[in-house]
Amino acid sequence: MRSSPLAHLLFLLLVAGSDVTGEEVDRKPNFVLMMVDDLGIGDVGCYGNDTIRTPNIDRLASEGVKLTQHIAAAPLCTPSRAAFMTGRYALRSGMGSTGRVQVLLFLGGSGGLPPSETTFAKRLQQQGYTTGLVGKWHLGVNCEQRGDHCHHPNQHGFSYFYGLPFTLFNDCVPGEGSDVLADLQHTLRNLTMWLGVGLLTLVCVRVCGLLEVGVWLLVALFFLAILVTTVWYMPFKLLPTWNCIIMRDQEVIEQPMTVETLPQRLLGEAQSFIKRNVDHPFLLFFSLAHIHTPLFTNPAFAGKSRHGRYGDNIEEVDWMIGKMIETVDSLGLANNTLMYFTSDHGGHLEDADSLIGQKGGWNSIYKGGKAMGGWEGGIRVPGIFRWPGRLAAGRIVDEPTSLMDLYPTLKYLAKDTEPDRQLDGYNLMPLLEGKVERSEHEFMFHYCGVYLNAVRWHPPESDSVFKVHFFTPNFSPPGAGGCYDTKVCLCHGEHVTHHNPPLMYDLYQDPSESWPLTPDNEPLYTEILEQTAKAVERHRITLANNQASDAHGVQSQMTWKKILWRPWLQPCCGTFPFCGCKENTTHN
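Just so you know, we're using the numbering used here here: the sequence shown kicks off at 143 and counts up by one.
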């Protein structure tokens, strides 16, 4: 029997239709990850703040899944972001510190995320994704010479980078003071002055014939004064030039940067990246410069909130998040795009002054904040996922989750099944979709630098989440809720108090960590200590295996040798040391 032309036409239409449908089904999802800097969990409306307006962030939560126990792997930006990017605790990649400096301080240092590390961007790039980072990096740039870019985002899987290779900090704005080794700067400045005064005095004494002063002594003092002045002035007084820069990929396009227009430029770049890649799978990490100090003073938001400049900045952040949602939705990408909102760690409680008032965040009922080790206020952060059609709107997950979970979650959704290294995060999709009720994080380890500060245990078939603190930071002045004397808490030596037996809390019953458990009020007290001790031992075995599996060993990236400024590593627009340029804002 001969088939009719109509039958042939119907067959072809069916085949074509099935191909299109298959392409839509098989297309990998897009990812828009949005991270705020230093945002406290209590700063957001959907997490309990009823005085700062965050309607767009609240909308994300109402249209998606809100995590109430979302935990950063460290209470400071450099180690927290290293863990976020790699799915592993920061000390596995050498990004934990043994001393006072726990974050990278100079773009001209040699420390950073090692080239041997693997980020989620690198994995997705290998799966055909176009990957972009807009905003803050703060994981290093160069290793051995200017321009090797061994730590640069382009070398870690981001095919496009626009933003701050360092971070926004007070030195970027005149009159805001300095964040970088202020005590050392003070010492070097005083030493320079005393050497200058001493040299001038000896010259006068020699000229007046009061004493016999050797020429060689004067020459030696002169060169010593020059050396000390150079060591003080070059790296510290020129910090706005060295650290406050903007790069597009590996080119410095603004040095020093104009802070006032930074938020609008970052938002514009993030929106443009999405629009350029609407036709194929993409990953965008939008790493906001807000709300790290110095705070912005955008006239459109100034004086509009009930919490001064800090509240104004939070409401500007919310507006930016709203613009990102609008961009995704207006391009018809919502149903195939996972949007994620979080902070790198808790708010900075000690950051305030008499003129502006509070400049750091609010961590709700949780004790502590930024840089305070394992106290909940420094590590519990917002965590919101939106994916219409895939994730149920309005779902709330109270289970322990981690920023490190993003790495395996993105791998899973990108259909990346290749073997990987030891990971500390877990795929969140079963939990987000409601297919399971329990987190895979039975134990979580909380570090302050390289030191294991605390462990939390979520026993099977129990609502309790026990946390044991092996040491805690010494607050100052005594009785305060933070380290106000030093402006930031430290993790070692006289700055901490060790506890034997450890301090113990049940976060389910006592989320503010106010009432320590004892053998008298907790029947499982001994078992909790035993189980956490065994978990720590298993964890340390994985760390030893991690060290052994690296051909060169895991080298610390946070030593003084790697952190301090070196002229030959300094990114520069122009001829070093005459670095300077302004961005051509007509760039498309």
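Built from N, CA and C at the ideal position, the CB exists for glycine as well.
Taking Lys417 as part of the alpha helix (DSSP H), name the residues at either end of that continuous run. Taking the sequence shown and counting its residues from 1, the one referred to as residue 417 is at position 275. Its alpha helix (DSSP H) spans residues 404-418.
Just to confirm, are Gly519 and Gly502 a CB contact at a threshold of 8 Å? In the sequence shown, counting from the first residue as 1, residue 519 sits at position 377. In the sequence shown, counting from the first residue as 1, residue 502 sits at position 360. Contact: no.
Using CA atoms only, rank isn't needed, just tell me which of Ala442, Phe308, Pro436 is closest to Ile388. Counting from 1 along the sequence shown, the entry for residue 388 is found at position 246. Among Ala442, Phe308, Pro436, the Cα nearest to that of Ile388 is on Phe308.
Given a cut-off of 8 Å on the beta-carbon distance, is the pair Leu497 and Asn385 in contact? Counted from its first residue, the sequence shown places residue 497 at position 355. Counted from its first residue, the sequence shown places residue 385 at position 243. Contact flag unset, no.
Same chain, Cβ closer than 7 Å to Val638, five either side skipped, listed in chain order: Taking the first residue of the sequence shown as position 1, residue 638 is located at position 496. Result list for Val638: Phe613, Thr614, Pro615, Asn616, in chain order.
From Met335 to His487, what does the alpha carbon distance come to, in whole angstroms? On the sequence shown, position 193 is the one that residue 335 refers to. On the sequence shown, position 345 is the one that residue 487 refers to. Met335 and His487: Cα-Cα distance of roughly 40 Å.
Unbroken alpha helix (DSSP H) runs of length 4 or more, entirely within the stretch 569-639: which are they? DSSP runs (the alpha helix (DSSP H)) wholly in the stretch 569-639: 571-574.
Phe303 beta carbon less than 8 Å from that of Pro316: Residue 316 sits at position 174 when you count from the first residue of the sequence shown. Residue 303 sits at position 161 when you count from the first residue of the sequence shown. No, the Cβ-Cβ distance between Pro316 and Phe303 is not below 8 Å.
Selected residue, minimal CA-CA separation from Tyr593, among Ala513, Tyr626, Phe428: The sequence position of residue 593 within the sequence shown is 451, counting from 1. Of the listed residues, the one whose Cα sits closest to Tyr593 is Ala513.
CA nearest to the CA of Pro377, picked from Leu330, Leu491, Cys625, Glu393: Walking along the sequence shown from the start, residue 377 turns up at place 235. Its Cα nearest to that of Pro377, the residue Leu330 stands out among Leu330, Leu491, Cys625, Glu393.
When you compare each of Gly238, Ala216, Val186 to Ser698 by their alpha carbons, which one comes out closest? Taking the first residue of the sequence shown as 1, we reach residue 698 at position 556. Nearest of Gly238, Ala216, Val186 to Ser698, Cα basis: Gly238.
Among Asp200, Leu344, Ala362, whose alpha-carbon lies nearest the alpha-carbon of Glu354? Position 212 of the sequence shown, counted from the first residue, corresponds to residue 354. For Glu354, the nearest C-alpha among the options comes from Leu344.
Based on Cα-Cα distance, which residue from Gly319, Thr717, Thr273, Asp566 lies nearest to Leu548? As a position in the sequence shown, residue 548 is number 406, starting the count at 1. With distances taken between Cα atoms, Leu548 lies closest to Asp566.
With DSSP collapsed to three states, give me the class of Met335. The residue you call residue 335 lines up with position 193 of the sequence shown. Note: Met335 maps to helix in three-state DSSP.
Which ranges does the beta strand (DSSP E) cover as unbroken runs of at least 3 residues, wholly within the stretch 435-472, from first to last along the chain? Taking 3 residues as the shortest admissible run, the stretch 435-472 contains no complete beta strand (DSSP E) segment at all.
Who does Ala494 pair with in a DSSP beta bridge? The residue given as residue 494 occupies position 352 in the sequence shown. BP columns for Ala494 point to Gln500.
Just list the residues that DSSP pairs His212 with in beta bridges. Locating residue 212 in the sequence shown gives position 70, where the first residue counts as 1. According to DSSP, which records beta bridges pairwise, His212 is partnered with Val523, Thr543.
Are the CB atoms of Leu255 and Met227 nearer to each other than 8 Å? Residue 255 sits at position 113 when you count from the first residue of the sequence shown. Residue 227 sits at position 85 when you count from the first residue of the sequence shown. Yes, the Cβ-Cβ distance between Leu255 and Met227 is below 8 Å.
Straight-line Cα distance separating Ser506 from Gly623: Mapped onto the sequence shown, residue 623 falls at position 481. Mapped onto the sequence shown, residue 506 falls at position 364. Taking the straight line from one Cα to the other gives about 13 Å.
Secondary structure, alpha helix (DSSP H): runs of 4+ residues fully inside the stretch 313-374: Correct list: 324-350, 357-374.
Give me the DSSP bridge partner(s) of Asp648. Here residue 648 refers to the residue found at position 506 when the sequence shown is read from its first residue. As a beta-bridge residue in DSSP terms, Asp648 pairs with Phe608.
Can you give me the start and stop residues for the alpha helix (DSSP H) that Ile199 sits inside? Taking the first residue of the sequence shown as position 1, residue 199 is located at position 57. For Ile199, the enclosing alpha helix (DSSP H) stretches over residues 197-204.
Which residues mark the beginning and the end of the beta strand (DSSP E) in which Arg390 is found? Position 248 of the sequence shown, counting from 1, holds the residue named residue 390. In this chain, the beta strand (DSSP E) harbouring Arg390 covers 388-390.
Rounded to the nearest angstrom, what separates Asn419 and Phe311 at their Cα positions? The residue labelled residue 419 in the question sits at position 277 within the sequence shown. The residue labelled residue 311 in the question sits at position 169 within the sequence shown. Cα to Cα, Asn419 sits roughly 32 Å from Phe311.
Which residues in the same chain have their Cβ closer than 8 Å to the Cβ of Ser235, if we skip the five residues on either side of it in sequence? Counted from its first residue, the sequence shown places residue 235 at position 93. So the list reads Ala224, Thr228, Leu255, Pro256, Glu259, Val696, Gln699, once near-sequence residues are dropped.
Alpha-carbon spacing of Cys631 relative to Ile538, whole angstroms: Start at 1 with the first residue of the sequence shown, and residue 631 comes out as number 489. Start at 1 with the first residue of the sequence shown, and residue 538 comes out as number 396. One C-alpha to the other measures close to 32 Å.
Residue of Ala556, Tyr626, Glu679 minimising C-alpha distance to Arg169: Position 27 of the sequence shown holds residue 169. Selected option, being the one with the closest Cα: Ala556.
Using a threshold of 8 Å, state whether the C-beta atoms of Lys609 and Leu649 are closer than that. Within the sequence shown, the letter at position 467 stands for residue 609. Within the sequence shown, the letter at position 507 stands for residue 649. Contact flag set, yes.
Close beta carbons around Asn688, own chain, < 7 Å, minus the five adjacent residues each side: Residue mapping note: residue 688 aligns to position 546 of the sequence shown, counting from 1. Same-chain partners within the cutoff: Arg234, Gln564, Val696.
Is the CB-CB distance between Thr479 and Pro171 below 8 Å? As a position in the sequence shown, residue 479 is number 337, starting the count at 1. As a position in the sequence shown, residue 171 is number 29, starting the count at 1. Yes, they are a contact pair.
Could you tell me the boundaries of the beta strand (DSSP E) in which Met481 lies? By 1-based counting over the sequence shown, the position of residue 481 is 339. Run containing Met481: 479-485, per the beta strand (DSSP E) assignment.
My output table needs one value for Asn385: the three-state DSSP class, helix, strand or coil. The residue labelled residue 385 in the question sits at position 243 within the sequence shown. In the structure shown, Asn385 sits in a helix (DSSP, three-state: H, G or I).
Tell me whether the beta-carbon of His588 lies closer than 8 Å to the beta-carbon of Val597. Within the sequence shown, residue 588 is the residue found at index 446, counting from 1. Within the sequence shown, residue 597 is the residue found at index 455, counting from 1. Against a cut-off of 8 Å, the Cβ pair of Val597 and His588 comes out as a contact.
If you draw a straight line from the alpha carbon of Cys625 to that of Gly511, how long is it in whole angstroms? Indexing the sequence shown from 1 puts residue 625 at position 483. Indexing the sequence shown from 1 puts residue 511 at position 369. Those two C-alpha atoms are separated by around 10 Å.
His293, DSSP secondary structure in three states: Here residue 293 is taken as the residue at index 151 of the sequence shown, counted from 1. Secondary structure at His293: coil, using DSSP grouped into helix, strand and coil.
Are the Cβ atoms of Gly253 and Lys704 separated by less than 8 Å? Against the sequence shown, residue 253 aligns to sequence position 111. Against the sequence shown, residue 704 aligns to sequence position 562. Against a cut-off of 8 Å, the Cβ pair of Lys704 and Gly253 comes out as a contact.
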